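Asker: Residues in the sequence shown are numbered from 1 upward in steps of one, following the UniProt record's numbering.
For reference, the structure I am asking about is given below.
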Amino acid sequence: MLYGVTIIFAALFAGEALSRLAHLPVPGSVMGMLLLLLLALWRQGFDARVTHFATHLLRYLALLFIPAGVGLMTLSDKIGSQGLALILTMVFSTLITMAVTAWVLQFLLKRQAAKNQARSQEVQP
Numbered sequence: 001m002l003y004g005v006t007i008i009f010a011a012l013f014a015g016e017a018l019s020r021l022a023h024l025p026v027p028g029s030v031m032g033m034l035l036l037l038l039l040a041l042w043r044q045g046f047d048a049r050v051t052h053f054a055t056h057l058l059r060y061l062a063l064l065f066i067p068a069g070v071g072l073m074t075l076s077d078k079i080g081s082q083g084l085a086l087i088l089t090m091v092f093s094t095l096i097t098m099a100v101t102a103w104v105l106q107f108l109l110k111r112q113a114a115k116n117q118a119r120s121q122e123v124q125p
C-alpha cells in the first residue's frame with residue numbers, strides 16, 4: 001500500500017509544484033490528477049498496489065466533505081440572504097455542464113464511429 005500512497009502523493013506534489021512554478025491558473029491538485037492520468041496512459045494502466053490504495057481512499061471519500069459541510073453551517077446567515085442567487089447559479093451551471101458533457105460525448109461517439117467505419121472499409125477487399 002505504501003507504493004500506491006507514494007505514487008499518488010508524488011503526482012499531487014508534482015502537480016502543485018508545476019502549477020506554482022509555471023504560474024498556471026489551474027489548481028495543483030488538478031494538475032496532479034492530469035499527471036496521474038498521463039502516467040496511467042504511458043504505463044497502460046496502474047499497478048495493482050496503486051489501484052488498491054485508490055480503492056481504499058475512495059471508500060472514505062465522504063469524510064472529506066465534512067469540512068465543507070461545517071463551512072456551510074457557519075455561513076448559514078449569508079447563505080440565507082443570498083440563497084436564491086446561489087441556487088440559480090448552481091442550477092444553471094449544472095445545466096451548462098450537462099449540455100457541454102452531452103455535446104462532447106456526441107462528438108466523440110461520432111468520431112469513434114467514423115474511425116470504426118474507416119477501419120472496416122480498409123479490412124474489406
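Every residue, glycine too, gets a C-beta built ideally from N, C-alpha and C.
Remember, predicted model here, so these are calculated numbers, not experimental data.
(1) Can you tell me whether DSSP reads proline 25 as helix, strand or coil?
(2) Under the assumption that alanine 11 contacts leucine 39 (Cβ atoms under 8 Å), give the Cβ distance between them as a whole number of angstroms.
(3) Just verifying my parser: in three-state terms, what is the DSSP assignment at aspartate 77?
(4) If you follow the alpha helix (DSSP H) that alanine 62 is part of, which residue opens it and which one closes it?
(5) Does leucine 109 pass the burial test, meaning 16 or more other C-beta atoms within 10 Å, or should it be called exposed?
(6) Straight-line CA distance for valine 26 to methionine 33?
(7) Around the C-beta of methionine 90, are 16 or more other C-beta atoms found within 10 angstroms, so that it is buried, or is it exposed?
(8) State the DSSP-derived secondary structure class of phenylalanine 9, mapped to helix, strand or coil.
(9) Glutamine 106 to alanine 99, Cα distance in whole Å?
Answerer: So, from the listed chains and residues:
(1) Of the three classes helix, strand and coil, the one that applies to proline 25 here is coil, per DSSP.
(2) For a cut-off of 8 Å, the C-beta gap from alanine 11 to leucine 39 is around 7 Å, short enough to register as a contact.
(3) If DSSP states are grouped into helix, strand and coil, aspartate 77 belongs with the helices.
(4) Per DSSP, alanine 62 lies in no alpha helix (DSSP H) and is assigned neither H nor E.
(5) Leucine 109 sits exposed, since fewer than 16 C-beta atoms from the chains shown fall within 10 Å of its C-beta.
(6) Rounded to the nearest whole angstrom, the C-alpha separation of valine 26 and methionine 33 is 11 Å.
(7) Methionine 90 should be labelled exposed.
(8) It is helical.
(9) Straight-line measurement puts the Cα of alanine 99 at about 11 Å from the Cα of glutamine 106.
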